[in-house]
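Read the structure below first, then the notes.
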Amino acid sequence: FKGILIVNVCTLYTVKLTHGDFTWTVKRKYKHFQELHRDLYKYKMMLQFLPLGRTETVSGGRGKCDCFFGWVTSGFLTFFQMEFLAISPLSFIRDLGPKGMEGFIHKRSGGHRIQGLNCIGHHQVCFRWSRRWLVVKDSFLLYMNRDHGVVSFVLLFDPELKVNVGQAYTETKHGICIENFARKLIIKCNSYRQAQWWSSEIHRLSKGNDFLQAHRFDSFTPPRPHTFTKWYVNGSEYFSDLADALEQAKEEIFITDWWLSPEIFLKRPATNNYWRLDEILKRKAEQGVKVCVLLYKEVELALSINSGYTKKTLMNMHANIKVMRHPDHVASVVFLWAHHEKMVAIDQSVAFMGGLDLCFGRWDDNRYRLTDLHAFFFFFNHGFVRCCDALNTANHAGILHNLNIPFIYEHKHEQQSLYFTLLTLFQSKIQLRLFNIYIYDTATPLTASEPVPLSQQELKGNTRFWLGKDYNNFYRKDWAQLDCPFQDNIDRNQVPRVPWRDLGAVHHGKAARDLARHFIQRWNFTKIFKNKYKDDFYPCLLPKSHCTAAALPFTIPGSAKASVQVLRSVDRWSSGTCECSIMNAYIHTIETSQHYIYLENQFFISCADKKNVHNTIGDAIVNRILRAHREQKKYRVFVVVPLLPGFEGDITQGGGNAMQAILHFTYRTMNRGEFSILTRLKEQNQWTEYISLCGLRTHSTLGRSHVTEPVYVHSKALIADDRCYIIGSANINDRSMLGSRDSELAVLVEDEERVPSFMGGEEYEAGPLTLALRKECFKVLLGADSDPSINVDDPASGQFFTEVWNRTARTNASIYESVFRCLPSDSIRSKVALQQHVPTDGLCHSDPEKAAEVLQAIRGVLVHFPLHFLCEEYLLPSKGCKEGIVPVEVWT
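Start counting the sequence shown at 1; every next residue gets the next number (UniProt numbering).
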């Protein structure tokens with residue numbers, strides 16, 4: 001037998017394979033090579049029996065079998081080869097990371113850890129085994145059905161990842177137990193050795209993975225250095241950059257919002273439908289981009305955001321647009337909490353987030369306009385005839401842009417003053433062209449075509465910024481009939497809108513991947529939880545690897561590099577895991593700040609009493625101020641919140657019950673009760689040197705009448721020491737901060753570079769991004785853009801804090817009180833005084849000309865928060881009303 005090699009069929013071979021940049025190994029026995037040889041030989045023999053009638057005539061002897069050979073190799077033959085080589089359609093996708101181990105296993109059903117899901121399979125009493133193809137990557141594993149190639153489940157690696165082999169853990173022979181926060185997955189292999197291979201491969205690929213441990217603030221991600229990022233103050237530039245970014249999407253668009261309005265325009269003034277959100281998403285879906293939208297499913301009796309209409313509208317546009325809503329309130333036992341985060345991720349490489357929902361009422365700029373009127377009148381027989389609403393709509397479509405129609409306000413009692421204006425209008429070219437104008441119905445979509453660039457002169461006075469429901473004053477009337485988006489919700493000729501103040505941000509690279517991973521976790525969790533989403537119509541999403549995050553497809557203009565850490569508030573009901581890193585980051589930033597903090601937030605409900613309020617952000621502020629007082633050091637706290645909560649209600653009658661409930665807890669945080677900030681600071685007589693509590697208000701003219709409204713602060717931001725800031729969706733209250741209630745997203749941005757500045761009267765090294773953000777905020781609030789004498793360089797100096805910030809807020813508040821007698825007001829301390837309050841006593845009614853003169857002294861939009869408004873009243877709703885019977889946790 002010399003020269004004859006005898007090989008045992010059970011001999012194991014390790015084969016190293018390379019394909020492009022991918023290298024991997026497979027372990028195969030000799031019998032597997034024999035099987036591969038037999039199958040290849042079998043298919044080769046099949047070619048000899050090729051039916052000639054089914055071939056195409058091709059020149060050359062080999063050409064006639066190309067069609068059949070292509071069918072074979074793309075079907076059965078390729079399938080067998082893929083199994084032998086341990087490859088699948090997901091093996092060589094660069095963005096999914098290095099190729100890991102792949103192969104067939106049997107997986108056991110059940111094991112999901114979902115709040116409210118108490119099915120038999122969850123408790124492992126009854127289960128079934130299914131054959132699936134398992135794929136291991138560097139931050140997740142998945143299994144799929146190889147028959148149709150659809151991914152069935154994705155298990156993301158997290159700090160709770162455990163891989164155990166053996167019957168003691170799995171109650172089955174050759175089993176592996178793979179656990180994370182959301183599931184305990186049991187798989188069964190053909191041998192104990194194969195089970196050890198899988199376990200070893202999972203440990204090898206996941207070793208050093210960022211998601212296997214909790215990071216600073218107990219966040220699921222670490223800080224990402226050298227990340228391109230950009231902040232936004234107000235929605236105008238945020239929406240514009242978002243529109244441009246959506247246009248560049250090539251693969252995926254992820255959107256999650258508390259409220260989404262498909263018909264909002266991202267670029268304004270709108271000249272056609274090209275930059276309307278639903279048209280953008282439809283356009284990208286038609287190009288093959290996968291659009292996934294996650295919406296909060298509201299309790300319809302409490303909210304009117306109509307997420308059902310949004311879902312139906314978007315999904316009817318294209319098959320590539322998928323929309324899911326969560327939670328199902330009964331099934332999840334979640335009635336009180338909401339998905340509140342706002343985020344848009346594009347190709348998992350660029351992600352927008354912050355406080356801005358893609359919905360009506362959010363677009364605004366630094367002018368905070370109260371009016372948006374384009375009314376046209378004609379003079380017939382010494383009277384006025386208003387042009388029909390359709391003419392105004394035609395104007396929005398860009399049809400009237402070349403007419404150069406002058407801007408005219410409607411006012412019923414000013415016929416004399418408008419006479420010469422209307423006479424001029426008659427002499428213009430509109431007189432000859434008006435009756436030939438094309439009129440269209442606002443409910444009929446316009447054709448989405450490339451917008452024609454228009455000069456400012458052409459646009460002046462000819463288009464509105466807020467169309468239909470987008471123009472709103474929620475204090476007068478909340479949104480309704482959202483399925484009729486282009487019908488005005490209020491009479492814009494009589495009622496001013498409420499301006500919207502908000503902050504947002506965009507991040508690139510690894511930070512964007514982190515935000516996308518959060519979305520993917522929520523999406524896959526929702527798909528598992530809701531039976532109606534378990535079919536293949538809603539795909540499982542896969543997170544891209546951080547190894548390729550540096551290769552950015554594009555960057556947002558104006559972005560700069562900084563360290564970015566993603567934070568969130570989530571619980572088992574919302575995403576399958578628990579985290580409250582946003583609150584931890586807020587408290588840490590306050591405690592470690594050296595010179596000042598600037599808080600701008602929709603809510604200010606804090607100071608723990610271990611009964612109704614549990615977050616300690618307010619306590620951290622008190623302790624930091626007391627420390628500064630003990631050390632005799634300068635320290636400033638700037639707080640900006642809405643003057644009134646954002647609920648419908650007539651404030652002249654005390655507002656609605658919901659409005660009063662929020663006011664109760666806001667004042668409890670600020671200055672009322674033993675736990676409030678000012679009560680705890682009053683023992684230090686100089687507390688006014690440390691903290692300033694403010695709101696925002698602006699004014700305008702509607703017709704010939706002076707009007708005023710609060711600027712609604714919807715921001716969720718913290719700036720500290722001109723070196724770091726937090727922007728996100730989280731309010732300062734228990735709902736957003738505790739993690740066990742609403743789901744939220746935020747980022748902590750820390751400057752990595754330094755620029756010369758001033759702090760407390762001394763030279764200081766500030767971070768360029770944070771410094772620019774703080775200056776932009778202060779300039780807008782104080783009116784520094786229109787008054788060069790206002791210097792915002794040094795936020796901690798006594799001169800700025802007392803003579804600029806507080807004096808401006810005090811002066812503006814005093815002027816508004818004298819002109820408008822507006823509410824809320826420190827002079828109204830009881831409901832009796834409120835009933836006796838007469839707003840017509842203000843100068844705007846008694847002497848409009850004098851009022852206009854006095855209002856010229858207003859600088860910016862900053863006013864002091866009225867700390868004594870209704871201070872003699874108990875503002876919590878009584879038990880006899882519907883607001884009074886809901887749990888206190890709803891308001892806190």
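Where is the CB? At the ideal position from N, CA and C, for every residue including glycine.
Keep in mind it's a predicted model, so treat the numbers as computed, not measured.
Residue from the options whose Cα sits closest to the Cα of residue i
i, options, result
"N601", "A516, V613, M737 and E889", "M737"
"E752", "N733, K779 and R723", "R723"
"residue 937", "S91, V570, L156 and H106", "What is shown of the chain runs 1 to 892, which leaves residue 937 out entirely."
"V15", "D39, L40, L85 and Y41", "L85"
"H588", "V854, R513, A512 and I719", "I719"
"T770", "V639, I726 and N791", "I726"
"K304", "L281, A345, D218 and A480", "Residue identity check: residue 304 is Ser in the sequence provided, not Lys. Comparing Cα-Cα distances from S304 to each of L281, A345, D218 and A480, the minimum goes to A480."
"I828", "A809, E872 and R807", "E872"
"D619", "M583, E648 and K634", "M583"
"F181", "R522, F474 and D734", "R522"
"G308", "V323, H318, M317 and A319", "V323"
"K882", "N316, L301 and R636", "L301"
"F604", "N733, M315 and F22", "N733"
"G149", "D536, L47, I186 and D514", "D536"
Helix, strand or coil at residue i according to DSSP, with G and I counted as helix
i, result
"I186", "strand"
"T170", "helix"
"A661", "helix"
"L454", "In this prediction, L454 scores a pLDDT of 38, lower than 50, which makes its location untrustworthy; no coordinate-derived value is stated."
"F379", "Legend: pLDDT at F379 = 32, less than 50; position of this residue unreliable, no value from coordinates given."
"R636", "strand"
"C10", "coil"
"R807", "helix"
"L155", "strand"
"T73", "Low confidence applies here, because T73 scores a pLDDT of 44, under 50, leaving its location unreliable; read the following figure in that light. Three-state result, T73: helix."
"C844", "helix"
"M317", "coil"
"K879", "coil"
"P839", "helix"
"A585", "helix"
Residue i - partner residues in DSSP beta bridges
i, result
"S130", "K107"
"T708", "H699"
"W24", "L17"
"D257", "L295"
"W231", "A505"
"E252", "K290"
"E692", "First, the amino acid is wrong: residue 692 is Ser here, not Glu. Answer is F638."
"P499", "According to DSSP, P499 bridges with nothing at all."
"E765", "P756"
"K775", "Paired residue(s): none; K775 is not in a bridge."
"R568", "L745"
"V344", "I255 and F352"
Cβ of residue i within 8 Å of any chain D Cβ
i, result
"A168", "Any reference to chain D falls outside this structure, which holds one protein chain only."
Residue j beta carbon less than 8 Å from that of residue i
i, j, result
"L870", "T526", "no"
"P710", "P642", "yes"
"I858", "I815", "yes"
"W363", "R268", "yes"
"D257", "D357", "yes"
"A851", "H706", "yes"
"V639", "S692", "yes"
"T892", "N612", "yes"
"K250", "D347", "yes"
"R492", "Y471", "yes"
"P553", "S349", "yes"
"R367", "S715", "no"
"Y712", "Y635", "no"
"A285", "N320", "yes"
"G860", "V780", "yes"
Checklist entry - Can at least three beta-carbon pairs, one atom from the region 97 to 108 and one from the region 125 to 138, be found at a separation below 8 Å? => result The region 97 to 108 is in contact with the region 125 to 138.
Next on the checklist: With three or more beta-carbon pairs closer than 8 Å as the criterion, would you say the region 875 to 886 touches the region 661 to 674?
Outcome noted: Touching, per the Cβ criterion.
Item to check | Cβ contact (3+ pairs, closer than 8 Å) linking the region 781 to 798 and the region 672 to 683 | outcome: These segments do not touch.
Checklist entry - Is the region 217 to 231 touching the region 568 to 580, taking contact as three or more C-beta pairs under 8 Å? => result A contact exists between the region 217 to 231 and the region 568 to 580.
Next on the checklist: Within 8 Å, do at least three Cβ pairs link the region 757 to 770 to the region 828 to 842?
Outcome noted: Contact fails: fewer than three Cβ-Cβ distances are below 8 Å.
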